[in-house]
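In our numbering, the protein residues as written are 8 to 97. Glycine included, C-beta positions come from ideal geometry on N, C-alpha and C.
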């Protein structure tokens, strides 16, 4: 089991945040890291914003002839809700 944590000094109440995962984009090997996509913290205690449905949310280009083996480089942050700090440790 992999465990990790993060700490950011001087984060105040109401700070918005999200995660990005970096690694290889090798779908043929099961690796689909795409740092262009904002990830929602599954343990966030509070959320801000709403999901705005867009093809930019997908890690691959929807219209590509390579289908889900392609890479979508658009930033999805504008379409995603964010975690919102409530002042307690994340």
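Alpha-carbon to alpha-carbon, residue j and residue i
i, j, result
"residue 54", "residue 89", "6 Å"
"residue 51", "residue 92", "8 Å"
"residue 73", "residue 67", "9 Å"
Sequence-distant residues of its chain with Cβ nearer than 8 Å to residue i (five each side left out)
i, result
"residue 25", "45, 46, 47, 48, 84, 87, 89 and 90"
"residue 30", "38 and 40"
Burial state of residue i, where buried means 16 or more other Cβ atoms lie within 10 Å
i, result
"residue 42", "exposed"
Option in the options with minimal Cα separation from residue i
i, options, result
"residue 80", "35, 64 and 34", "64"
"residue 21", "8, 30 and 56", "56"
Three-state class that DSSP yields for residue i in the structure shown
i, result
"residue 64", "helix"
"residue 54", "strand"
"residue 47", "coil"
"residue 76", "helix"
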